[in-house]
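Each remark here refers to the structure printed beneath this line.
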Amino acid sequence: MTYLSTVEAKCPECGSAEVVMDRETGETVCGACGLVVGEGMMDRGPDWRASSQEERDEKMRVGPPIDVTHYDKGLPTMIKVDEDAFGRPLSPEVRQQMWRLRRWNLRARLHTSASRNLSKAMAELELLSDKLSLPPFVRETAAVIYRRALGENLVQGRSIAAIVAASIFAACRIHRTSKTLREVAHVSTRREKEIFRSYRLILRSLGLDIPLDGPLDHVSKIAERAGVSGEVQGLAVRILQEAREKRAVGGKDPTGLAAAALYVAGLLRGEKMSQKDIARAADLTEVTIRNRKRELTQKLHLGL
DNA sequence: CATTCGTGAAGACGAAT
DNA sequence: ATTCGATTTCACGAATG
Numbered sequence: 000m001t002y003l004s005t006v007e008a009k010c011p012e013c014g015s016a017e018v019v020m021d022r023e024t025g026e027t028v029c030g031a032c033g034l035v036v037g038e039g040m041m042d043r044g045p046d047w048r049a050s051s052q053e054e055r056d057e058k059m060r061v062g063p064p065i066d067v068t069h070y071d072k073g074l075p076t077m078i079k080v081d082e083d084a085f086g087r088p089l090s091p092e093v094r095q096q097m098w099r100l101r102r103w104n105l106r107a108r109l110h111t112s113a114s115r116n117l118s119k120a121m122a123e124l125e126l127l128s129d130k131l132s133l134p135p136f137v138r139e140t141a142a143v144i145y146r147r148a149l150g151e152n153l154v155q156g157r158s159i160a161a162i163v164a165a166s167i168f169a170a171c172r173i174h175r176t177s178k179t180l181r182e183v184a185h186v187s188t189r190r191e192k193e194i195f196r197s198y199r200l201i202l203r204s205l206g207l208d209i210p211l212d213g214p215l216d217h218v219s220k221i222a223e224r225a226g227v228s229g230e231v232q233g234l235a236v237r238i239l240q241e242a243r244e245k246r247a248v249g250g251k252d253p254t255g256l257a258a259a260a261l262y263v264a265g266l267l268r269g270e271k272m273s274q275k276d277i278a279r280a281a282d283l284t285e286v287t288i289r290n291r292k293r294e295l296t297q298k299l300h301l302g303l
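All the letters of the first sequence, read from the start, carry residue numbers 0 to 303 under numbering that gives the first Met the number 0.
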């Protein structure tokens, strides 16, 4: 018992022809990438064909064609407020009641479409949060951000998964949870580039002002993954603080700085640690470690 | 042999135009 | 929209231990 039916359309995002209509929800979704192509978007043309004018007159009827895939069968559920079904005027009390009914009717439609979207999004959020081992409060923040993004109509025409990933990334930055964009993208089905686009859109549309992350935000995570002692870690922090004061660094990838600081701190304390190890722990290349290391040791004139 | 170091080509990005 | 400059990454070879 499947409620999905293939639609004759190509996904604008991935080009796949696996675009599918959910008969229960009326949502049109790309089966390959999850992009929400549209809600209640369907062929509004005539649902019949006529070969002659007589036939045309025969089949012609008033109103939009019926599409059974829509939950309300495509019929407009307009509630009249001025007159009853026979065109007679209504009493003021009943009129007011009709206004209320109509408001509720419109509101209910919005509500159901929003909750359908949310249930999908929250499932995705939980999945990604688990993969990233996010603390609950970060996840909460991400959920709030997503809800606001949904309220601002940022999801229409974009992939739910991408907006969810972007919300998670934003929440991580807000709480200074040192998750890189790459890490988020790694557990998501969406591309890093797309997630970043969504992230920027969210920041602007919601007026979020998130401070940039510095090298210090990444030290503990990298150190832990590389198995660096707390002592060396502390030295790395001091190196970074001094580098900041001397304006020795700028415009560089913060993770690279943090990784290099840990590396040189390890050298100074004689703790064995290859560039390869650090590079892997920081998800960078050894080249970047080397370049940062060179700048660090020169500009802070550390003997090495 | 593993590690380290430097280099040139290529891609990505922001800023300037 | 294109161009430019800085940065990172990749692939490689050389030096070092």
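From the three backbone atoms N, C-alpha and C, an ideal C-beta is built for every residue, glycine too.
Reduced DSSP category for residue i - H, G, I as helix; E, B as strand; rest coil
| i | result |
| --- | --- |
| Pro305 | Any answer about residue 305 is impossible in this case: the structure gives the chain only from 0 up to 303. |
| Ser177 | coil |
| Ser114 | helix |
| Ser228 | coil |
| Ser166 | helix |
| Ser128 | helix |
| Ser219 | helix |
| Ser273 | coil |
Burial state of residue i, where buried means 16 or more other Cβ atoms lie within 10 Å
| i | result |
| --- | --- |
| Phe136 | exposed |
| Gly265 | buried |
| Cys32 | Because Cys32 sits at a pLDDT of 49, beneath the cut-off of 50, its placement in the model cannot be relied upon, and the following sentence gives the value as read from the coordinates. So Cys32 ends up on the buried side. |
| Leu283 | buried |
| Lys245 | exposed |
| Arg189 | buried |
| Thr140 | buried |
| Leu100 | exposed |
Identity of the residue in the options nearest residue i by Cα
| i | options | result |
| --- | --- | --- |
| Gln155 | Glu125, Cys171, Leu117, Ala141 | Leu117 |
| Leu205 | Glu241, Ile144, Ser187, Ile238 | Ile144 |
| Ala170 | Asp212, Val231, Arg268, Ala222 | Asp212 |
| Arg146 | Val163, Lys292, Leu239 | Val163 |
| Leu180 | Asp252, Ser90, Leu295 | Asp252 |
| His217 | Ala165, Phe85, Ala280 | Ala280 |
| Glu285 | Leu256, Trp98, Glu270, Lys298 | Leu256 |
| Thr254 | Ser219, Gly150, Ser197, His300 | Ser219 |
Rounded Cβ spacing between residue i and residue j (contact assumed at less than 8 angstroms)
| i | j | result |
| --- | --- | --- |
| Ile209 | Arg172 | 5 angstroms |
| Leu215 | Val231 | Contact doesn't hold; Cβ gap of about 15 angstroms is too wide. |
| Arg268 | Leu239 | Not a contact, Cβ separation roughly 16 angstroms. |
| Ile194 | Val186 | Not quite, the Cβ-Cβ distance comes to about 11 angstroms (not below 8 angstroms), so this is no contact. |
| Ala259 | Ile288 | 5 angstroms |
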